[in-house]
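Working notes, structure below.
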Amino acid sequence: MNRFLIADRAVDIGALRETLLKPEAGGFCTFEGWVRQTNDGRLVSAIEYEAFAPLAISEGRSILDEVMERFDITAICAMHRTGYLPVGDLAVWIGVAAPHRDAAFKACRYVIDEIKRRVPIWKREHYVDGQIEWVACHHVG
Amino acid sequence: MNRFLIADRAVDIGALRETLLKPEAGGFCTFEGWVRQTNDGRLVSAIEYEAFAPLAISEGRSILDEVMERFDITAICAMHRTGYLPVGDLAVWIGVAAPHRDAAFKACRYVIDEIKRRVPIWKREHYVDGQIEWVACHHVG
Amino acid sequence: MPRIELEYFAQLGEQAGRRAETRETSETTAGALYEELRAAYGFALPAGQMRVAVNAAFRPWTQSLKEGDHVVFIPPVSGG
Amino acid sequence: MPRIELEYFAQLGEQAGRRAETRETSETTAGALYEELRAAYGFALPAGQMRVAVNAAFRPWTQSLKEGDHVVFIPPVSGG
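Protein chains in written order, with the numbering used here: chain A, 1311 to 1451; chain B, 1311 to 1451; chain C, 305 to 384; chain D, 305 to 384.
What follows is the structure, encoded as structure tokens:
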């Protein structure tokens, strides 16, 4: 089980989690990224995410393939939103089931770090003062 | 926000998660422990958890207090089940919201490690072959 | 002799054949009480592999006991 | 001259004033095409801070282009 989704509307994460329930898994780790109300000291009202979807999906799948190979895990799923997300909205969700907790934590962390490093998704922050800006990169794409 | 629960029946983890949604949090990490179908090569049908509840709760709260002090996090909640849990059931749930992901991951990991190390909860495994055994300790209690 | 409230968890409950009891004892510390009970019930675990809680708080084995104290011996934990 | 399908994301879309276009070019590599477009639209980012995708796969800047190729320049990503 290994699935990477780009979604242009809210996703039922309870349903994603259920796809990962496996009797051979004893540990399950999730990471969620939420739109935070401040960034670098500025008040944020929303974030707009744009993805180059075909490449984001293939690059996301590559990350999940790497994770299945490197860590002793049972099943994994990751989802990234696109579109306009107000503060508090879910921007990214990653769930990893594994026989033991160490692999679940490490694989989950690896996926979010790699998504931020390599998946062609960009965010534009909308500030409370009305300004709108493409966010300076985490990394060279 | 800092809450440690011992529950003798299934808990709505969606509701627990909702108590942790905070506009100042950008990262959210959860860990779930599930009853796994094998342990040390033996086929498991269920696990029975027993807790010395008053001490488990105060020790659990101490762990969460330590976490709030050591890591830059916004809110945290942990829940541990007692009773008879068949394979696939949720035995433990931990959720941590933080401004940034690094603290969310580290705090979540710290809590599950410390629960296993110090909280007075014991498990008895029921095997498919009908045997029942108290599980050899993770650690001196 | 003080009466002590005892509760037994995990393998101690099985070995004692009960979950709880009220017991009069002439022993004056938690450690000595455990040795008395170990002799009575054949508890497998030595005190050195356990901890003790008095009135729902962890205490040293040298903790002295008084009438009505609630004592729980804590075998190695296995939650999570 | 080959016609290339271009799609622009993030700040490149803003700077080009469009999300997509079909463009005839005499340039024969992805890197040279970026320089042509940079001159035309004033893209702020040098190629060295970006990557390029041809037909939805990452490629080197030396990738040669042919009729109908779909080219996307990838500014530093900021998802998550």
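Even for Gly, the Cβ is constructed at its ideal location relative to N, Cα and C.
Open item on the list: I'd like to check one pair, Ala1388(B) with Leu1395(B): are the Cβ atoms closer than 7 Å?
Closed with: no
- [ ] Could you please give the first and the last residue of the uninterrupted alpha helix (DSSP H) stretch that includes Met305(D)?
- [x] Met305(D) -> no alpha helix (DSSP H), and no H or E assigned at all.
TODO: Could you tell me which residues DSSP puts in a beta bridge with Leu1353(A)?
DONE: Thr1348(A)
TODO: Please report the Cβ distance between Val1429(A) and Glu1369(A), rounded to the nearest whole angstrom; I am assuming they are in contact, meaning their Cβ atoms lie under 8 Å.
DONE: 5 Å
Task: CB-CB length for Gly1398(A) against Leu1326(A), believed under 8 Å - done: 19 Å between Cβ atoms; not a contact.
Task: Whole alpha helix (DSSP H) elements within the region 1352 to 1392 of chain A, 4-residue minimum - done: If we require 4 residues or more, the alpha helix (DSSP H) runs fully inside the region 1352 to 1392 of chain A come out as 1363 to 1380.
- [ ] Please check if any C-beta of chain B sits within less than 7 Å of the C-beta of Gly1351(A).
- [x] no
- [ ] Note down, in chain order, every chain C residue with its Cβ under 7 Å from the Cβ of Ile1425(B).
- [x] Gly383, Gly384
TODO: Per DSSP, which residues does Tyr1394(B) bridge with? Please list them.
DONE: Glu1358(B)
Open item on the list: Using 8 Å for Cβ pairs, my map puts Leu369(D) next to Thr333(D). What's the rounded Cβ distance?
Closed with: 7 Å
Task: Span of the alpha helix (DSSP H), counted from its first residue to its last, around Glu339(C) - done: 334 to 345
Task: Per-residue DSSP class, three states only, for Ala357(C) - done: strand
Open item on the list: For chain B, check one thing: does any of its Cβ atoms lie closer than 7 Å to the Cβ of Ala320(C)?
Closed with: no
Open item on the list: Counting C-beta neighbours from all protein chains within 10 Å, is the total for Ile1442(B) 16 or more, i.e. buried, or is it exposed?
Closed with: By the neighbour-count criterion, in which a residue is buried when 16 or more other Cβ atoms sit within 10 angstroms of its Cβ, Ile1442(B) is exposed.
Task: Positions along the region 1379 to 1390 of chain B whose CB lies within less than 9 Å of some CB in chain A - done: none
Open item on the list: Taking 7 Å as the limit between beta carbons, can you name the residues of its chain near Ile378(C), skipping five residues before and five after?
Closed with: Met354, Arg355, Val356, Ala357.
Task: Beta-carbon neighbours of Trp1344(B), restricted to chain C and to distances below 8 Å - done: Result: empty, since nearest Cβ-Cβ is about 11 Å, beyond 8 Å.
TODO: Using a Cβ-Cβ cut-off of less than 9 Å, give me the residues of the region 341 to 353 of chain C that come near chain B, in sequence order.
DONE: Gly352, Gln353
Task: Beta-carbon contacts of Glu325(D) that lie in its chain and below 6 Å, excluding the five residues immediately before and after - done: Leu310
TODO: List the endpoints of the continuous alpha helix (DSSP H) containing Val1421(B).
DONE: Run containing Val1421(B): 1411 to 1428, per the alpha helix (DSSP H) assignment.
Task: chain A residues whose Cβ lies nearer than 7 Å to that of Ala314(D) - done: Glu1360, Trp1432, Trp1444
TODO: Name the two residues that bound the continuous alpha helix (DSSP H) containing Glu1328(B).
DONE: 1323 to 1328
TODO: Answer with yes or no whether the minimum CB distance from Val376(D) to chain A is below 7 Å.
DONE: yes
Task: Delimiting residues of the alpha helix (DSSP H) encompassing Leu316(D) - done: 314 to 320
Task: Residue of Arg307(C), Gly346(C), Pro364(C) minimising C-alpha distance to Gly321(C) - done: Gly346(C)
TODO: Starting from Gly1405(B), follow the beta strand (DSSP E) in both directions and report where the run begins and ends.
DONE: It spans 1400 to 1408 - the beta strand (DSSP E) in which Gly1405(B) sits, taken as one unbroken run.
Task: Sequence-distant residues of the same chain with beta carbon closer than 8 Å to Trp365(C), five excluded per side - done: Thr333, Ala334, Gly335, Tyr338, Ala351, Val356
- [ ] State the Cα-Cα distance for the pair Glu1334(B) and Arg327(C), rounded to the nearest angstrom.
- [x] If you draw a straight line from the Cα of Glu1334(B) to the Cα of Arg327(C), it comes to about 53 Å.
- [ ] Would you mind stating whether Val1445(A) and Ser1355(A) have Cβ atoms separated by less than 7 Å?
- [x] no
Open item on the list: Residues of chain A with CB closer than 9 Å to the CB of Thr1392(B), please, in chain order.
Closed with: The contacting residues do not exist; Thr1392(B) stays about 18 Å from chain A at best.
- [ ] Starting from the Cα of Glu1435(B), find the closest Cα among Leu1315(B), Arg1313(B), Arg1346(B) and give me that residue.
- [x] Closest by alpha carbon: Arg1346(B).
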